[in-house]
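Colleague: Handing you a structure now.
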Amino acid sequence: MKGTPSTFSTMILAIALSHASTPAIAGGVVECNRCPSTASAAISRGNGLTVVVDFDSAQLVAYEVEYDRELKRWRTMRTAIPGQIISAFYRVLDAASVAAASTPSLATANRHQNRAKSEVPIRSKSDKSKGGFVVTIHPDNPQLSNPTGFKFPDAYKELSAGDIVLSATSRSRFGQYLAEGLAGAGTESAAWNSIALSVQELALSWASKHGAGAIIVVVRWRDGSRTIYKVTTDNVAEAKYVEGESRDALGNKLPDATIAAPSTAPSYVGNYYFGEGSSGSRDLDRWINSARMYGVPVTGESRNRNRMQCSWNGETITCMVR
């Protein structure tokens, strides 16, 4: 190759820098770590609203990008990002930092701590054994314990774990609300909502390298019952119901598809107590209805009863009201 040594070195440096900063594109989102120019990264996406994600610097920058045909050049206009999307982004980074804390080689996960001081602390904890981090939500957000920026859907506040188990429609739709809310996709703008889900997917994919690639959502209902969902990169638009983890207010395991599977049905063996009075009878009836949906027979008269026993014969599980 012709050229002076200094020219040659300059060319090599330019190629290296270009390769290092080449952005990875995902929808209306561009990943550009240690980005030399966030505006240039946004332009690479073309016309429209684009968010540039920099994990190494722990920042999101948004631009409206348009091409000026008369001047024949690109124009970028910096724009504000909805607060709930920023909170969702830092929630994942926080969890990745916790997961990586015991692994020095993953020190880059801690760089996000330089974020703006005005950012509200995120309440989450990592759970490597489940491949993600745990957040707990409640319809009434007691002591502001719900994740920052998350709004519990009004239509579901009066439900319980038993309702979720019994209704496939409610189970799926509530999972969509969870995923959208945790991603910050509850704005009035379709463009921002789409970007929120793309940012969530990209962030979880990045966090998976540090043991925080999923969000495990523990829902504590008003009656004290519990449901668990999980958000993963497989579908960030809908949290998936975790089978076999639902409990009523007294801790009884609620039947779902796991009661009909030979590998998990034995976990339902045992004695059940549903409480006194009409509420106990109601919860027992709900349990029976759910079990029968999956072909599990429940014998005995449930009226004015509040106890049950389930047994396993090596092939199927059967239950009897006592």
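Taking my numbering, the leading residue of the sequence shown gets 36, the next gets one more, and so forth.
Just so you know, even glycine gets a beta-carbon here, dropped at the ideal spot from N, CA and C.
Just so it is clear, the structure is predicted and the values come from calculations on it, not from any experiment.
Between the alpha carbons of N228 and Y276, how many angstroms are there, rounded?
Modeller: Near 22 Å, if we compare the C-alpha coordinates of Y276 and N228.
Colleague: Would you mind sorting M343 into buried or exposed? The rule is 16 or more other CB atoms within 10 Å of its CB.
Modeller: M343 comes out buried.
Colleague: On the three-state DSSP scale, how would you describe V169?
Modeller: It is a strand residue.
Colleague: What do you reckon, are the CB atoms on C345 and Y308 nearer than 9 Å?
Modeller: Result no, Cβ atoms of C345 and Y308 do not sit closer than 9 Å.
Colleague: If you drop the 5 nearest sequence neighbours on each side, which residues of the same chain put their C-beta closer than 8 Å to that of I352?
Modeller: Closer than 8 Å at Cβ, skipping near neighbours: I294, A300, P301, Y303, V304, V331, C345 and S346.
Colleague: Pair every Cβ in the segment 104-120 with every Cβ in the segment 198-206, then say whether three or more of these pairs are closer than 8 Å.
Modeller: With a cut-off of 8 Å, the segment 198-206 and the segment 104-120 do not count as touching, because too few Cβ pairs lie within range.
Colleague: Suppose only complete runs of 4+ residues qualify. What are the alpha helix (DSSP H) ranges in the segment 197-251, listed by chain order?
Modeller: Complete alpha helix (DSSP H) runs here, min 4: 203-218 and 225-242.
Colleague: Is it a yes or a no for the segment 261-280 touching the segment 231-248, going by three-plus beta-carbon pairs under 8 Å?
Modeller: A contact exists between the segment 261-280 and the segment 231-248.
Colleague: Short of 7 Å in beta carbon distance, which residues of its chain neighbour F420, apart from the five on each side in sequence? Order them along the chain.
Modeller: Residue 420 lies beyond the range of the chain shown here (36 to 357); nothing can be said about it.
Colleague: Would you report the Cα separation of Q119 and R321, rounded to the nearest angstrom?
Modeller: If I take the Cα positions, the gap works out to 37 Å.
Colleague: So who's on the other strand from K275, going by DSSP bridges?
Modeller: K275 pairs with K265.
Colleague: In whole angstroms, what separates the C-alpha of C354 from that of N339?
Modeller: So the two alpha carbons sit approximately 17 Å from each other.
Colleague: At what residue ranges does the segment 55-105 contain a whole run of the alpha helix (DSSP H), taking only runs of 4 or more?
Modeller: List check, alpha helix (DSSP H) in window: 73-78.
Colleague: With DSSP run on the structure shown, which of helix, strand or coil describes N306?
Modeller: In the structure shown, N306 sits in a strand (DSSP, three-state: E or B).
Colleague: Can you say whether T267 is buried or exposed, counting buried as having 16 or more other CB atoms within 10 angstroms of its CB?
Modeller: Buried, because 16 or more other Cβ atoms sit within 10 Å of the Cβ of T267.
Colleague: What are the start and end residues of the alpha helix (DSSP H) that includes R126?
Modeller: Where R126 is concerned, the enclosing alpha helix (DSSP H) stretches over G118 to A135.
Colleague: With a 10 Å radius around its C-beta and 16 neighbouring C-beta atoms as the bar for buried, classify Y102 as buried or exposed.
Modeller: It is exposed - the Cβ of Y102 has fewer than 16 other Cβ atoms within 10 Å.
Colleague: Could you give the distance in angstroms between the alpha-carbon of S72 and the alpha-carbon of I116?
Modeller: Approximately 18 Å, taken between the alpha carbons.
Colleague: So A74 packs on V65, CB below 8 Å; how close in whole Å?
Modeller: Not quite, the Cβ-Cβ distance comes to about 11 Å (not below 8 Å), so this is no contact.
Colleague: Leaving aside the five residues before and after G248 along the sequence, list all residues of the same chain whose C-beta is less than 8 Å from its C-beta, in chain order.
Modeller: Counting only Cβ-Cβ distances below 8 Å, and skipping sequence neighbours, we find G166, G167, L239, S240, A242, T267 and T268.
Colleague: Report all residues from its chain with a CB closer than 7 Å to the CB of S195; omit the five preceding and five following residues, and keep chain order.
Modeller: Closer than 7 Å at Cβ, skipping near neighbours: W256, D258 and S260.
Colleague: Excluding the five sequence neighbours on either side, which residues of its own chain have a C-beta within less than 6 Å of the C-beta of S122, listed in chain order?
Modeller: T183 and G184.
Colleague: If I measure Cβ to Cβ from E278 and keep anything under 6 Å in the same chain, skipping five residues before and after, which residues do I get?
Modeller: Cβ neighbours of E278 beyond the five flanking positions: D291, A292 and T293.
Colleague: Go through its chain and collect everything with a Cβ distance to A97's Cβ below 6 Å, but skip five positions before and after it.
Modeller: The residues are V86, T114 and I116.
Colleague: Whole-angstrom Cβ separation of V170 and I250, contact assumed at under 8 Å?
Modeller: That belief holds up - the Cβ atoms of V170 and I250 are roughly 6 Å apart, short of 8 Å.
Colleague: Using 10 angstroms around the beta-carbon of R80, count the other beta-carbons present and answer buried if the total reaches 16, otherwise exposed.
Modeller: Looking at its Cβ environment, which holds 16 or more other Cβ atoms inside 10 Å, R80 is buried.
Colleague: Just mark K192 as buried or exposed, buried being the case when its beta carbon has 16 or more other beta carbons within 10 Å.
Modeller: Exposed, since its Cβ has fewer than 16 Cβ neighbours within 10 Å.
Colleague: Within 10 Å of its beta-carbon, does S313 have 16 or more other beta-carbons around it, so buried, or fewer, so exposed?
Modeller: Exposed, by the Cβ-count rule.
Colleague: Can you tell me whether G197 is buried or exposed, with buried defined as 16 or more other CB within 10 angstroms of its CB?
Modeller: Buried, by the Cβ-count rule.
Colleague: Please state the DSSP three-state secondary structure of R282.
Modeller: Note: R282 maps to strand in three-state DSSP.
Colleague: Straight-line CA distance for G310 to L84?
Modeller: Approximately 55 Å, taken between the alpha carbons.
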